[in-house]
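Letter by letter, the sequence shown follows residues 769 to 1303 of the working numbering. Just so you know, even glycine gets a beta-carbon here, dropped at the ideal spot from N, CA and C. One structure below.
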Amino acid sequence: MTAPPPPRRVAARPSQVLRSIGAERRIADPCTMVVLGASGDLSRRKLMPALYQLCHDGLLPDAFELLGVGRDAFDDDGFRQMVRDELGKSDELEAVDDAVWARLGPKLHYVSGDFADAQSYRTIGDRLTELEQPRPADQRNRLFYLAVPPSVFEEIVRHLSQSGLAPKSDGPDERPWRRVVIEKPFGHSLATARALNHLVLELFDECQLFRIDHYLGKETVQSILVFRFANAIFEPLWNRQSIAHVQITVAETVGVEQRGGYYEEAGVLRDMFQNHLMQLLALTGMEPPVTMNADAVRDEKVKVLRSVRMMGPAEIDESVVRAQYRAGRIGGRDVTGYREEPMIAPNSATPTYAAMRLFLDNWRWKGVPFFLRSGKRLAERVSEIAVQFRDPPHLMFGHETRKLLAPNTLVMRIQPDEGISLSFQVKTPGAAYQLARQVEVAPVAMDFKYRAAFGDANPPAYETLLLDVMLGDATLFTRSDEVEAAWKVVDPILDFWDAHPPARMETYEAGTWGPTSAHQLIAQNGFAWRVPDQE
Ligand code: BG6
């Protein structure tokens, strides 16, 4: 029998590790990516840097073309110049390498058009035929990326279908393929999300649809699955017997910036909870999937979301808090309050912070509170999942010891300073016991940092997600039933809030850890929010 190899430091990127655990290595298919909204903010800030990075890493297929579509009147050269300028300004990239740009630049093309006009889709079709001409017919794959506001989603998908650019597929093996990427927000409520699902599933097959939640593209979010299911030591503890409660925090220091118009309509529940926090909840609470394929993983996530205990008005009132930031200081500078931001109503009741206590009614989690919080203009930018274990049942170190105990806590840090830490108690060195018959204990932590183990190798979320669309792997995208299950959690809260506007909106000072009522909420269960900086 050969001994297993000793553990060693791996030089591969975590995403490669995940993929090699889950599936054989594959190469992205030849394809043309059509970006609808190519001159917009998302395309400039996220998609183009991600494509550049894919090209830099040698992960784009050789036969790859990009066709940008937008209202701005660029020709191909003008579009390339715009993209080149934006890459130079991007904070996602360290520098733009001329050799990489020399490979990527000629692959970019552009047509201008109005998304409401059928003629635009004929123009797109003509250009696609021209670009795809050198490839055999079964390699003329097309990826349509809707980098546009939700108000035009429906119109665009109808045109893509009616024009024949993206007909409904017979299944995932059909070649050439047609895939459609839809950005968040997916719907504005459960009813509108259902209607949008109904429409897209009438026009396309689920295997063609890739609903983006960029949190799923973050390395550390994917790593939750590996941490939980590629280690045998934590899973036996991952349940109501050992865990006292779970805290999920997505805290931002930014305000609403230039997105006031959108945010006034959305608020923190639609902007962050329906998608990112529900995904973190699902990954933390899910059962082990049978395999690492898209449906197996998503089946388990949907089960968690469906197990969230539905709350009636009284429970919502008790278990969910909302608040809005007022002026304060962040990072040594004064920042304005939400109501003073551009495009925000001076009496706006849109919450920029929410915290809630949820329960999962299933065997694993019955009775364990999950506390979720997210807000803008908080003290630190930090996203983390903290799992707090139960206290030991009996302590024989002297009656004062219990007061000194800090609960065992496992923290998965999503960003920044990505890593995983586990805190536990040790004896403080010294003769205190002999002197006072009292063992002195202190909490310490085992702390794993991605940066120390792997260097700065985390690819941006959009790079991972774009590659997965080209590979046809939907594991990191939300399925129709999953989107609806997440809406079912937040929809009753939104309805309750609409029906009961606060007499006076609770506020929190920018640069703090949120409103008083959020601290009271968790204190009702005998716990306190972590202050990540000080833990
Ligand atoms: C987006 C929200 O989905 O996520 C933004 O619309 C938010 O309001 C952003 O700022 C946070 O993403 P990240 O990757 O910076 O944590």
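Tell me which same chain residues have a C-beta within less than 6 Å of the C-beta of residue i, skipping the five on either side of it?
| i | result |
| --- | --- |
| SER888 | GLY881, ASP882 |
| THR1196 | GLU1208, ALA1210 |
| ALA1332 | This structure cannot settle anything about residue 1332, because the visible part of the chain is limited to 769 through 1303. |
| ILE950 | LEU914, ARG979 |
| ASP1085 | none |
| THR1253 | Sequence inspection shows Ala at residue 1253; the Thr mentioned does not correspond to that position. If we look at ALA1253 and ignore the five residues flanking it on each side, its Cβ neighbours are VAL1070, LEU1073, ARG1074. |
| GLN1292 | none |
| PRO944 | ASP906, ARG908, ASN909 |
| PHE842 | TYR878 |
| MET1273 | GLN1092, ALA1117 |
| SER858 | PRO817 |
Run the CB neighbour count on residue i, radius 10 Å, all protein chains shown included, and call it buried at 16 or more, exposed below.
| i | result |
| --- | --- |
| TRP1131 | exposed |
| LYS814 | buried |
| ALA1180 | As written in the sequence, residue 1180 is Met, which differs from the Ala given in the question. MET1180 should be labelled buried. |
| HIS877 | buried |
| PRO904 | exposed |
| THR1284 | exposed |
| GLY836 | buried |
| ASP1266 | exposed |
| GLU1025 | exposed |
| LYS936 | exposed |
| GLU1250 | buried |
| HIS1268 | exposed |
| GLY826 | exposed |
| ARG1101 | exposed |
| ALA959 | exposed |
| ARG1243 | Arg is not the amino acid found at residue 1243; the sequence shown has Thr there. Classification for THR1243: buried. |
| MET850 | buried |
| ASN909 | buried |
| ILE795 | exposed |
| GLY1099 | exposed |
| ASN999 | exposed |
| ARG839 | exposed |
| VAL1194 | exposed |
| GLU898 | exposed |
| GLY893 | exposed |
| GLU1152 | buried |
| PRO1300 | buried |
| ARG1219 | exposed |
| GLU900 | buried |
| HIS1162 | exposed |
| ALA1154 | buried |
| MET1164 | exposed |
Sorted by chain position, which residues of the same chain lie with C-beta nearer than 8 Å to residue i's C-beta, five sequence neighbours on each side aside?
| i | result |
| --- | --- |
| PHE1127 | VAL1076, ARG1077, TRP1133, LYS1134, GLY1135, VAL1136, PRO1137, PHE1138 |
| ALA1012 | VAL1136, GLN1156, PHE1157, ARG1158, ASP1159, PRO1175, PHE1295 |
| PHE1216 | GLY1187, ILE1188, SER1189 |
| GLU1020 | SER1142, GLY1143, LYS1144, ARG1145, LEU1146, ARG1149 |
| GLN821 | GLU860, LEU861, PRO1227, PRO1228, GLU1231 |
Using a Cβ-Cβ cut-off of 7 Å (strictly less than) and excluding sequence neighbours within five positions of residue i, which residues of its own chain qualify?
| i | result |
| --- | --- |
| GLY1029 | MET1111 |
| GLY856 | VAL864 |
| PRO1248 | Per the sequence shown, residue 1248 should be read as Ser rather than Pro. So the list reads ASN965, LEU969, GLU974, once near-sequence residues are dropped. |
| LYS875 | PHE832, GLU833, LEU834 |
| LEU786 | Reliability fails at LEU786, whose pLDDT of 42 lies under 50, so the model's placement of it is uncertain and the value that follows must be treated cautiously. Cβ neighbours of LEU786 beyond the five flanking positions: GLN990, VAL994. |
| GLY790 | Reliability of the predicted coordinates at GLY790 is poor, the pLDDT of 46 falling under 50, and the value obtained from them is presented with this limitation in mind. Excluding positions up to five away in sequence, the list reads MET1060. |
| ILE1290 | PHE1139, ALA1296, TRP1297 |
| PHE954 | ALA961, LEU964, ARG979, VAL1251 |
| ARG895 | LEU835, HIS877, VAL879 |
| GLU1109 | GLY1023, VAL1024, GLY1028 |
| GLY1053 | VAL1072, LEU1128, TRP1133 |
| LEU976 | According to the sequence displayed, residue 976 carries Gln and not Leu. Taken in chain order, the residues that qualify are SER937, ARG946, ARG947, VAL948. |
| LEU1173 | ASP1159, GLN1193, VAL1209 |
Does the beta carbon of residue i sit closer than 9 Å to a beta carbon anywhere in chain C?
| i | result |
| --- | --- |
| ASP1263 | Among the protein chains of the structure shown there is no chain C, as only one such chain exists. |
Which ranges would you report for the beta strand (DSSP E) in the segment 881-922 if only whole runs of at least 3 residues count? 909-914
I'd like to know if the segment 1008-1024 and the segment 1133-1146 are in contact, where contact means that at least 3 CB-CB pairs between them fall below 8 Å. yes
Contiguous alpha helix (DSSP H) assignments of at least 4 residues, all confined to the segment 989-1058: 1028-1036, 1046-1053
For the segment 1272-1282 against the segment 1086-1095, are there 3 or more C-beta pairs whose distance is under 8 Å? yes
Counting pairs of Cβ atoms below 8 Å between the segment 914-925 and the segment 997-1004, do you hit three or more? no
So within the segment 1169-1247, which uninterrupted beta strand (DSSP E) runs reach at least 3 residues, ignoring any that extend past its ends? 1177-1183, 1187-1195, 1209-1217
May I ask you to verify whether the segment 1214-1233 touches the segment 953-965, counting CB pairs closer than 8 Å and requiring at least 3? Taking 8 Å as the limit for Cβ pairs, the verdict is that the segment 953-965 does not touch the segment 1214-1233.
On the three-pair Cβ rule with 8 Å, is the segment 1032-1048 touching the segment 979-992? yes
I want to know whether the segment 1141-1153 touches the segment 1115-1125 - three or more CB-CB distances under 8 Å. yes
Which residue spans inside the segment 808-877 form an unbroken alpha helix (DSSP H) run of at least 4? 816-824, 844-857, 866-872
Mind pulling the beta strand (DSSP E) runs of 3 or more residues that sit fully within the segment 1075-1146? 1088-1094, 1096-1098, 1101-1103, 1121-1126, 1138-1143
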